[in-house]
Structure formats: C-alpha cells, structure tokens
Amino acid sequence: MKKIILGLALLCSSVFAGTVNIAVAANVSYAINDLIAEFNKTNPNTKIEVVLGASGKFTAQIQNGAPFDIFMSADMKFPETLYKENLTATQPVVYAQGSLAILSAKPLDFSKGIEIVSNDTIKRVAIANPKTAPYGTAAIEALKNANILEKNESKFVYAESISQAVTYALTAADVGFIAKSLLYEDKMAQYKENINWISVDPKLYTPIDQGIVVLNKAKDNAEAKAFYDFILSSKAKEIFKNFGYLVK
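With mature numbering (1 follows the signal peptide of the UniProt record, and there is no 0) applied, the sequence shown corresponds to residues -17 to -1, 1 to 231, in that order.
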C-alpha cells in the first residue's frame, strides 16, 4: 500500500513537470520575471524558458519551424498572421495593452510633449524597427499624426527591438521612443517622469493590444496550457498593471 501511495504522489508531482519554451516580445522583458515567479508558486516543477526579441522576427522564425510553445507578441497583427496560417492551437487573445513613452538619459524640457523630437538640440531619435517591432510602428504613427514625421526622419536611429531602443535612448541617441513598461524596473528608477521621460499622448497612436497564442507544437502540452491560462488570470493582470500596462 505504501508503494502505491508513493507512486501516486510521484505521479501527481510530475503532472506539471517539464519545460515550456516561450517567445516573448522585448517590451515584456522586465515583467516576465515576476510573471514566471508567480506562476511557479503553484507550478514549481515547470521550467519556463524565455527568448526575448522583436515580434516580427519571432513570427518569421515560427513560420520557419522554430520550436516555441507559446508566443507573447507586442501586438495582435503577428499572432493573427500565424493563426490564419494554421500555425497556432488557440486564437489570439489580448493579454495586456502597452503604452508608448519618450526617454532621455539627460534632463529635458518635455513641456511640448512629442514636439520635443523637432527641437534643434535633438540630433538622434531612437526608434524600434517598425517592420518587426510594433512599438516602432506606434512611434511612427504618433509622429505622423503629430505632423512631425517627415521633418524628423533624418534623425532616426533604428533599433532591432524595443529593448535595444532603450539602450540607444540612453547612449547613442538624444531621445528614444520606448515601451512605458520598460521604465518600471528598479534600475530605471533614476529616470524621472517629466524630466527624463514622458508618456506619448495615446490619442496619437492606435492602442497597442498585445496578443498571446499557444502554438501547434504545444497543442497537447498541459504545462503550456497552464502557463497560457495563468497569463490571462487576475494574478497576472495585477503584475502587468505594476509594469504600466493597461488590462481589462
């Protein structure tokens, strides 16, 4: 009897024992650690392997057979593309809504909002590649709607991802368009709102709805399903809120 009970205990403990490989949009790079830590409180035997990058590049990799279980995109367009190509086990669902910000390593007068980009003292503006990074697309849209895109295009320094745009904003550029969520990390606390950064007027760009899908590789993967369900849970929403995202 003891052997049977022990066997059942071992079986139960291994129900969610395994590895889940997820492709995660770079803007979630800080929040993902807290999300995994919270998930592992109830799923201690599940290892979450994270690859961070630009959503467009992940989409191309998945189309070419990259072995990811879950894709957390920075928009809905890329997950919807994969869904239409029958590469996902679930329909795209919004897990959070992101916000755009402008960041500088040095104190600046942000009183004119996005118009700061047109200031003669601003020589370089970091922007994530709009072809692969949704926050780059949002930045271009915001500049266009503010009627200052064309006269500032020569200043643009393109980054491969939104996290690289942060690096450029703090080093190689005078300012950079970034995901607001990347300001909610302890190491970014030195940069103050209205001194080093401002939020971009949300009326200037289409809401950045960020979508998640389970990929076909994981359609029968219980661990992947558990993590997917967690990302859409109330606990995860609280974490996303703590990193400046909007959630419903």
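In this text, a Cβ means the ideal position worked out from N, Cα and C, and glycines have one as well.
CB of residue i within 7 angstroms of CB of residue j, strictly
i	j	result
ALA111	ILE145	yes
THR71	GLU32	no
PHE139	VAL108	yes
ILE222	LEU18	yes
GLY39	THR150	no
GLY194	PRO90	no
ALA57	ALA129	no
residue 277	ALA79	In the structure as shown, the chain starts at -17 and stops at 231, and residue 277 therefore has no counterpart that could be examined.
Beta-bridge pairing of residue i - partner residues as DSSP gives them
i	result
ALA111	ALA142
VAL7	LEU35, MET55
PRO182	Note that residue 182 corresponds to Ser in the displayed sequence, not to Pro. Note: SER182 sits in a beta bridge opposite ALA84.
PHE160	ILE85
GLY119	The partner list for GLY119 (beta bridge, DSSP) is empty, contrary to what the question assumes.
C-alpha distance - residue i paired with residue j, whole-angstrom precision
i	j	result
ALA142	ASP52	26 angstroms
SER82	ALA155	23 angstroms
PHE160	PRO50	31 angstroms
LYS(-16)	ASN204	The predicted model places LYS(-16) with a pLDDT of 38, which falls under 50 and marks its position as unreliable; any figure quoted below should be read in that light. Roughly 30 angstroms separates the two Cα atoms.
LYS202	TYR211	11 angstroms
TYR13	VAL158	21 angstroms
ALA207	ASN26	11 angstroms
ALA122	TYR188	8 angstroms
ALA6	GLY96	33 angstroms
Opening and closing residue of the alpha helix (DSSP H) in which residue i lies
i	result
PHE213	205 to 214
ASP192	ASP192 -> not in any alpha helix (DSSP H); beta strand (DSSP E) instead, spanning 191 to 197.
PHE61	60 to 67
ILE131	Segment: none, ILE131 is in no alpha helix (DSSP H) and carries neither H nor E.
Test: residue i CB closer than 7 angstroms to a CB of chain D
i	result
ASN69	The structure shown contains no chain D, having only a single protein chain.
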